[in-house]
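In full-length UniProt numbering, the protein residues as written are 1 to 225.
Think of the CB as a built atom: it goes at the ideal place given N, C-alpha and C, for glycine as much as any other residue.
It should be emphasised that the depicted structure is a prediction, and the values quoted were computed from it without experimental measurement.
Reading through the structure tokens given below for one structure.
What follows is the structure, encoded as structure tokens:
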């Protein structure tokens, strides 16, 4: 399958959270994607994402059972969300993705990528399965941005980019790239570099490709009609 996510392009870069501008530092920031309460499929059944730990095994779509190599968290409070309302999470209601998926209401960060597979994706993009940022699906019934006073974003990373079952729907794991790595704090970034030294360089990031093609906003709109 095509895997043309550009790790340097803010629109198709690893969408592991939200991009925003740190006013003090002038740096792009990115936050992880799942929220507490999301159930992740594992060989021992579904587990709350907030209870997962490094070393736990998770079911993936492409590569069977994979072990979590890294986990990141980012908490946002009332003040931060008030300054940047576009960081508010996206609520995907039960069944909004079709075929009864997700199996329960699921809340993710705006740029968290969801697997979409239908006749339109095959017709328009020559790929049966593509990844689409949740914020680009808000034209669908049951998918909307919501206002919260506090939210915690959680994500986890494998040896390679994977697609995992979250609340019964296939969504992405963390994909490190220029945008997403710069968004982490120094401690988190150094943790990843210790695990994957090659990610310190652009060549190493390019060697960690997206599990599926990522649709741009204008492409995603074609799926909404």
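Given this structure, state the Cα-to-Cα distance separating residue i from residue j, to the nearest angstrom.
{"i": "residue 147", "j": "residue 40", "result": "24 Å"}
{"i": "residue 177", "j": "residue 189", "result": "11 Å"}
{"i": "residue 157", "j": "residue 54", "result": "9 Å"}
{"i": "residue 81", "j": "residue 198", "result": "34 Å"}
{"i": "residue 94", "j": "residue 210", "result": "26 Å"}
{"i": "residue 87", "j": "residue 159", "result": "28 Å"}
{"i": "residue 143", "j": "residue 91", "result": "6 Å"}
Just to check my reading of the structure: residue i and residue j have Cβ atoms closer than 8 Å, yes? What is that Cβ distance to the nearest angstrom?
{"i": "residue 42", "j": "residue 49", "result": "The pair is not a contact, with the Cβ atoms about 11 Å apart (cut-off 8 Å)."}
{"i": "residue 108", "j": "residue 35", "result": "7 Å"}
{"i": "residue 113", "j": "residue 133", "result": "6 Å"}
{"i": "residue 227", "j": "residue 155", "result": "There is simply no residue 227 to check, as the chain begins at 1 and stops at 225 in what is shown."}
Starting from residue i, follow the alpha helix (DSSP H) in both directions and report where the run begins and ends.
{"i": "residue 195", "result": "186-195"}
{"i": "residue 60", "result": "Taken as a continuous stretch (DSSP letters only), residue 60 belongs to no alpha helix (DSSP H), as it is neither H nor E."}
{"i": "residue 81", "result": "78-83"}
{"i": "residue 226", "result": "With the chain covering 1 to 225 only, the question about residue 226 has no answer from this structure."}
{"i": "residue 121", "result": "119-125"}
Span of the beta strand (DSSP E) holding residue i?
{"i": "residue 215", "result": "Taken as a continuous stretch (DSSP letters only), residue 215 belongs to no beta strand (DSSP E), as it is neither H nor E."}
{"i": "residue 153", "result": "151-157"}
{"i": "residue 100", "result": "Looking at the DSSP string, residue 100 is not in any beta strand (DSSP E), and its letter there is neither H nor E."}
{"i": "residue 45", "result": "45-48"}
For residue i, which residues in the same chain have their Cβ closer than 8 Å to its Cβ, ignoring the five residues on either side in sequence?
{"i": "residue 164", "result": "40, 41, 58, 59, 60, 61, 170, 171, 172 and 173"}
Tell me which same chain residues have a C-beta within less than 6 Å of the C-beta of residue i, skipping the five on either side of it?
{"i": "residue 120", "result": "223"}
{"i": "residue 104", "result": "94 and 167"}
{"i": "residue 123", "result": "none"}
{"i": "residue 47", "result": "40"}
Which residues in the same chain have their Cβ closer than 7 Å to the Cβ of residue i, if we skip the five residues on either side of it in sequence?
{"i": "residue 200", "result": "193"}
{"i": "residue 27", "result": "In this prediction, residue 27 scores a pLDDT of 37, lower than 50, which makes its location untrustworthy; no coordinate-derived value is stated."}
Practice problem: Answer yes if the region 74-83 comes into contact with the region 147-164, meaning at least three C-beta pairs across the two stretches below 8 Å, and no otherwise. | Solution: yes
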